[in-house]
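>
In the working numbering, the protein residues as written are 84 to 707.
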């Protein structure tokens, strides 16, 4: 039998027992749940009946208090409790559906409505009673007493003793009548009514006697007012007695009858519900006890069957697996020559066949790994040599690149210095050209000034000539004057000498000025030729400076490229060294792999046959 079949049968048995247990438990719980729902419904209805009883009691109390006191507070509280009772009665009619109890609830609901209608009438009669007492009797009575008192005082003042005596009797009868009216309001008895009528008859006779004896107009007016008030008072009292008797009839024949009837109906409903509760409770308890015993027995049976099934399945699985464990241990120890019996037809047989295939695959893998590790070892040795050569070449290249980089840096420094010198020369040439231009302008201005001086010197020569002529004329005039003109002649001679020297000096200065003007003009011409040459020199120097700047930029770029090349060569050298180190490590790892794979024995060893137990065989070593 296959393991799957054994497991399926075992679990099917357990599931069947579990299903039986669940079915029994479900129906038992369902029965208990329905019973508890019924019990809860009975309890709710019992509670509802109790609340109805309480509200009905409060309604009756408030009705009695209102009848006695007529208090508005009692009326409002009655309305509150009556409204609550109506609401509860509606709920009871919906909740209580058992025919017998439903009839009692329906009858009680009808009685409650009649009770409410009756109290409305009682309330109306109470309103009429209060109106008659407070607005009529309590108003008319004191006014009649006041009028009779005025008649009595007036008759006594006029010494009308007969009228005063009759008026006193009338007042006495009025007070007695009012007294018995109050007593009637208290006891509502026919005796009080008869006594009120007796006193009113006496009062009526007294008023008739006063009508025949009184002559004073004012006293007769008061008497007439008393007679009108008496008629209204008597009519109001008769109406009051009728209202009170009608009210008392409703109280006696309706309220006092319906109140106990309603309470009795509700009590019957309550007692019926409590009786059902007392019957249902023990039944539910007994049913729960029986269910508990049944579930316990089924659970014990399922436990015994489950333990037996589990032991059987475990035994049928663990015994065949021991052979597989032994095979795994042999493979774990490196023995790939072990063999196992693959003749079983169940899942264990499939497992052993899979293990046998795994061993075959492991043998193939071990062989391939051994061959591959040898190839890796040889290749890693060659790779190590190549990496060493590459590392040495990279080191030599790095040294050469460093020398080139140093030369380029020195050349870049010289180019930078030439660029700076060219820039300085350009600035000097530009400044010289500017200064030469300014010198040319200064020379031109000097030439103009010298020409102006020459003109001024000509003026001085003309002045000297004129002075000489004047001195000559003065000498002639002095000669003519004889002795008187000798001093003047001496002065004229000195002036002539001075004019001659001034003319000579002016001539010399004029000659020098002309020579200076000629030299200045030649210097101006030379400066005019010199300025373009200086400007041309500045332009050439600027071109040299620009070329030097471009050479400097190119040298920097070359230096940067050489530095980058140096970095790459350094990286290549490091990579070559790392590759050499890696190839050595790879060679070591391949040797280690060969050593590790030698752990497995796949040939040249005796074969071991592992025999898993056949299906149904007993193995004492596998027993628990």
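Cβ coordinates follow ideal geometry from the N, Cα and C atoms, glycine included.
(1) Answer yes or no: do residue 252 and residue 289 have a C-beta to C-beta separation smaller than 7 angstroms?
(2) Alpha helix (DSSP H) containing residue 334: first to last residue?
(3) Does the count of Cβ pairs from the segment 300 to 314 and the segment 339 to 358 closer than 8 angstroms reach three?
(4) By DSSP, does residue 646 sit in helix, in strand, or in coil?
(5) Which whole runs of the beta strand (DSSP E) in the segment 240 to 283 are 3 residues long or more, in chain order?
(6) Grab me the residues of residue 688's own chain with a C-beta within less than 6 angstroms of its C-beta, minus the 5 sequence neighbours each way, in chain order.
(7) Where does the unbroken alpha helix (DSSP H) through residue 213 begin, and where does it stop?
(8) In terms of alpha-carbon separation, which member of 126, 228, 203, 537 lies closest to residue 161?
(9) Near residue 278, what residues of its chain come up, given a Cβ to Cβ distance below 7 angstroms and the 5 sequence neighbours on each side ignored?
(10) Could you tell me which of 103, 172, 669 sits nearest to residue 381, measuring between CA atoms?
(11) Consult DSSP for residue 751 and reduce its assignment to one of helix, strand or coil.
(12) Just the C-alpha distance for residue 259 and residue 150, rounded to the nearest angstrom, thanks.
(13) State the start and end residues of the unbroken alpha helix (DSSP H) segment that holds residue 173.
(14) Going by C-alpha to C-alpha distance, which of 175, 176, 165, 228 sits closest to residue 201?
(15) Look at residue 96 and residue 392 and say whether their C-beta atoms are less than 7 angstroms apart.
(16) Let me know the secondary structure DSSP gives residue 507 once reduced to three states.
(17) For the structure I just gave you, are there three or more beta carbon pairs, one from the segment 203 to 222 and one from the segment 178 to 193, closer than 8 angstroms?
(18) What distance in whole Å lies between the Cβ atoms of residue 227 and residue 268, which are believed to be in contact at a cut-off of 8 angstroms?
(19) Buried or exposed: where does residue 497 fall if 16 or more other Cβ atoms within 10 Å of its Cβ makes it buried?
(20) For residue 416, name the three-state secondary structure that DSSP assigns.
(21) Short of 7 angstroms in beta carbon distance, which residues of its chain neighbour residue 213, apart from the five on each side in sequence? Order them along the chain.
(22) Taking all protein chains shown into account, decide if residue 284 is buried (16 or more other Cβ within 10 angstroms of its Cβ) or exposed.
(23) What residue from 169, 511, 665 has the CA that sits closest to residue 471's CA?
(24) Look at the Cβ atom of residue 238, then the Cβ atom of residue 247, and state whether they are nearer than 7 angstroms.
(25) Could you check whether residue 481 and residue 656 sit closer than 7 angstroms to each other, using their CB atoms as the reference points?
(26) Under 7 angstroms, do residue 585 and residue 558 count as touching if we go by C-beta distance?
(27) Buried or exposed, going by whether 16 or more other CB atoms sit within 10 Å of the CB of residue 626?
(28) Looking only at C-alpha atoms, which of 199, 578, 442, 197 sits nearest to residue 413?
(29) Where residue 795 and residue 282 are concerned, what is the direct C-alpha to C-alpha distance, given to the nearest angstrom?
(30) Under the rule that 16 or more other beta-carbon atoms within 10 Å means buried, what is residue 123, buried or exposed?
(31) Residue 330 and residue 205: beta carbons closer than 7 angstroms?
(32) For residue 690, which residues of its own chain have a beta-carbon under 6 angstroms away from its beta-carbon, when the five flanking residues on both sides are left out?
(33) Measuring CB to CB, does residue 215 end up less than 7 angstroms from residue 319?
The short version:
(1) In the chain shown, residue 252 corresponds to position 169, counting from 1. In the chain shown, residue 289 corresponds to position 206, counting from 1. Their beta carbons are under 7 angstroms apart, which means residue 252 touches residue 289 by this criterion.
(2) The residue you call residue 334 lines up with position 251 of the chain shown. It is not in any alpha helix (DSSP H) - residue 334 carries neither H nor E in the DSSP assignment.
(3) no
(4) Reading the chain shown from its first residue, position 563 is the one you call residue 646. DSSP places residue 646 in helix when its eight states are reduced to three.
(5) none
(6) For the purposes of this step, residue 688 is identified with residue 605 of the chain shown, where counting begins at 1. The predicted position of residue 688 is uncertain, since its pLDDT is 45 and thus under 50; a value taken from the coordinates is nonetheless stated next. If we look at residue 688 and ignore the five residues flanking it on each side, its Cβ neighbours are 420.
(7) Within the chain shown, the letter at position 130 stands for residue 213. 182 to 213 is the extent of the alpha helix (DSSP H) around residue 213.
(8) On the chain shown, residue 161 is found 78 positions in, with the first residue counted as 1. Ranking 126, 228, 203, 537 by Cα distance to residue 161 puts 203 first.
(9) Translated into the one-based positions of the chain shown, residue 278 becomes position 195. Counting only Cβ-Cβ distances below 7 angstroms, and skipping sequence neighbours, we find 263.
(10) Here residue 381 corresponds to residue number 298 of the chain shown, with the count starting at 1. The shortest C-alpha separation from residue 381 is found at 103.
(11) The question about residue 751 has no answer here: the residues shown for the chain are numbered 84 through 707.
(12) Working through the chain shown from its first residue, we reach residue 259 at position 176. Working through the chain shown from its first residue, we reach residue 150 at position 67. Between residue 259 and residue 150, the C-alpha separation is close to 26 angstroms.
(13) One-based indexing of the chain shown puts residue 173 at position 90. First-last of the alpha helix (DSSP H) with residue 173: 155 to 178.
(14) Translated into the one-based positions of the chain shown, residue 201 becomes position 118. The shortest Cα separation from residue 201 among 175, 176, 165, 228 belongs to 165.
(15) Indexing the chain shown from 1 puts residue 96 at position 13. Indexing the chain shown from 1 puts residue 392 at position 309. Yes, the Cβ-Cβ distance between residue 96 and residue 392 is below 7 angstroms.
(16) One-based indexing of the chain shown puts residue 507 at position 424. Three-state result, residue 507: helix.
(17) no
(18) Reading the chain shown from its first residue, position 185 is the one you call residue 268. Reading the chain shown from its first residue, position 144 is the one you call residue 227. Between residue 227 and residue 268 the Cβ distance is about 18 angstroms, and since that is not below 8 angstroms, they are no contact.
(19) Counting from one through the chain shown, the residue named residue 497 turns up at place 414. Residue 497 is exposed by the Cβ-count criterion.
(20) In the chain shown, residue 416 corresponds to position 333, counting from 1. Three-state DSSP puts residue 416 in coil, outside helix and strand.
(21) Here residue 213 refers to the residue found at position 130 when the chain shown is read from its first residue. Closer than 7 angstroms at Cβ, skipping near neighbours: 153.
(22) Start at 1 with the first residue of the chain shown, and residue 284 comes out as number 201. It is exposed - the Cβ of residue 284 has fewer than 16 other Cβ atoms within 10 Å.
(23) To locate residue 471, count along the chain shown from 1; it is residue 388. Among 169, 511, 665, the Cα nearest to that of residue 471 is on 665.
(24) As a position in the chain shown, residue 238 is number 155, starting the count at 1. As a position in the chain shown, residue 247 is number 164, starting the count at 1. For residue 238 and residue 247, yes; Cβs fall inside 7 angstroms.
(25) The count along the chain shown starts at 1 and reaches residue 656 at position 573. The count along the chain shown starts at 1 and reaches residue 481 at position 398. Going by C-beta atoms, residue 656 is nearer than 7 angstroms to residue 481.
(26) Indexing the chain shown from 1 puts residue 585 at position 502. Indexing the chain shown from 1 puts residue 558 at position 475. Contact: no.
(27) Counted from its first residue, the chain shown places residue 626 at position 543. It is exposed - the Cβ of residue 626 has fewer than 16 other Cβ atoms within 10 Å.
(28) Against the chain shown, residue 413 aligns to sequence position 330. Residue 413 has its Cα closest to that of 442, out of 199, 578, 442, 197.
(29) A query on residue 795 cannot be resolved here, the shown segment of the chain reaching from 84 to 707 and no further.
(30) What you label residue 123 is simply residue 40 of the chain shown in a count that begins at 1. With fewer than 16 Cβ atoms within 10 Å of its Cβ, residue 123 is classed as exposed.
(31) Reading the chain shown from its first residue, position 247 is the one you call residue 330. Reading the chain shown from its first residue, position 122 is the one you call residue 205. Yes, they are a contact pair.
(32) Within the chain shown, numbered from 1, the residue matching residue 690 stands at position 607. Unreliable placement is indicated for residue 690, whose pLDDT of 48 sits below 50; no coordinate value is reported for it.
(33) On the chain shown, residue 215 is found 132 positions in, with the first residue counted as 1. On the chain shown, residue 319 is found 236 positions in, with the first residue counted as 1. In contact: residue 215 and residue 319 (Cβ atoms closer than 7 angstroms).
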